[in-house]
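Everything on this sheet refers to the single structure shown next.
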Amino acid sequence: MKKTTLLILCLPLLAGCGVKREYVRMRDQLDYLETSQKKMEAQMTLMDSLLRAQTDITYQLNAEMRTRWGSLNERMMSMDQQYEDQRSRTMVQALPLGSSQPDSRGITPPAPPDKPKDNGSKPDPKQLYDTAYLDITRGNYDLAIAGFREFLKLYPSSSLADNSQYWIGEGYYAQKKYQEALAEFEKVLAQYPNQDKAAAAYYKSGLCYKELGRAMEARKSWQTLINKFPRSPEAGLAQDRIKELP
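Going letter by letter, the sequence shown gives residues 1 to 246 in full-length UniProt numbering.
The structure is reproduced here in structure tokens:
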């Protein structure tokens with residue numbers, strides 16, 4: 001009887017010990033979950049920082065590539081002009097001396113009288129183009145524009161006609177006259193849609209639209225460039241520009 005009574009009296013104590021152990025176990029689990037959550041939040045914060053850093057690096061690389069491409073384009077323009085200058089000098093040196101040489105008797109014949117200039121004759125197309133091109137590389141934009149317009153007026157069917165029309169647009173763009181530049185680049189696309197300067201004209205048209213605050217037209221111009229000339233250098237630049245649009 002006494003043993004039974006003692007057992008009955010101890011039951012509440014045993015039950016209390018079980019509840020306490022369960023409470024401790026649950027508390028440990030909650031602490032573990034809380035610690036795990038903090039670790040996950042720290043990892044997510046780190047990943048977000050890394051992603052932002054990667055995005056910044058990508059943007060900087062794209063900007064650097066655009067800058068280098070522009071510098072390379074300027075260097076190519078300069079080298080092209082140097083080549084043309086050298087070729088002109090070579091042609092002059094290769095001209096036959098003829099009457100400028102003294103004859104075998106040591107008597108130098110008099111120079112022939114100057115021929116009267118024919119005011120109706122047209123200037124040499126290559127010389128006219130090279131002069132205008134040299135002006136554009138030197139920053140003489142108004143002179144360059146006038147020269148290229150004269151070239152188009154005199155030689156509208158020349159293989160350099162599309163280049164001349166394009167450089168007129170570049171002359172205006174360099175002066176930040178974006179509306180005038182846009183009109184000239186659109187002439188390239190309308191008159192020479194499949195020529196060498198078409199891709200560059202699409203790209204520069206997009207830049208003009210962007211500067212004029214016409215983002216939708218800029219996107220359309222660059223997307224057309226990507227679709228029509230996917231392998232051109234300008235197509236890659238256009239893709240970067242589209243990503244920058246709002």
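Every residue, glycine too, gets a C-beta built ideally from N, C-alpha and C. In this text the structure is predicted, and so the values were computed from the model without any measurement.
Return yes when the Cβ of residue j is within less than 8 Å of the Cβ of residue i, no when it is not.
i, j, result
"Y141", "Q165", "no"
"L189", "A201", "yes"
"A218", "K210", "yes"
"I136", "G169", "no"
"A144", "A132", "yes"
"W167", "F185", "no"
"K122", "N163", "no"
"L207", "Q179", "no"
"P125", "Y155", "yes"
Since residue i is in the alpha helix (DSSP H), which residue starts that stretch and which ends it?
i, result
"R214", "First-last for R214: undefined, no H or E at that position."
"Q165", "A161 to A174"
"D240", "P233 to E244"
"Y192", "Counting along the chain, Y192 falls outside any alpha helix (DSSP H), and DSSP gives it neither H nor E."
"F229", "Neither: F229 is in no alpha helix (DSSP H) and is coded neither H nor E."
"K153", "Y141 to L154"
Could you check what DSSP says for residue i in three-state terms: helix, strand or coil?
i, result
"P123", "coil"
"K177", "coil"
"S221", "helix"
"S205", "helix"
"S158", "coil"
"P102", "Note on P102: pLDDT 37, under 50, position unreliable in the model; no value is reported."
Compare the C-alpha of residue i against each of the options and name the closest.
i, options, result
"S177", "Q223, K204 and L154", "Note that residue 177 corresponds to Lys in the displayed sequence, not to Ser. Per the Cα distances, K204."
"A215", "Q43, A198 and R241", "R241"
"E244", "K197, S159, W222 and A183", "W222"
"Y192", "L128, G139 and S158", "S158"
Given residue i, which residues of its chain have a CB within under 8 Å of its CB, disregarding the five upstream and five downstream residues?
i, result
"K39", "none"
"A235", "A199, L225, I226 and F229"
Among residues of its own chain, excluding the 5 on either side of residue i, which ones have a beta-carbon nearer than 6 Å to its beta-carbon?
i, result
"L128", "F151"
"Q239", "none"
"S36", "none"
"K187", "Q165"
Are the C-beta of residue i and some C-beta of chain D separated by less than 8 Å?
i, result
"L128", "The structure shown contains no chain D; it is built from a single protein chain."
Would you say the beta carbon of residue i comes nearer than 7 Å to a heavy atom of the ligand COA?
i, result
"R214", "Absent from the structure shown: the ligand COA. Ligands present: none."
CB-CB under 7 Å to residue i, same chain, minus the five flanking residues each way: which ones, in chain order?
i, result
"Q195", "D162"
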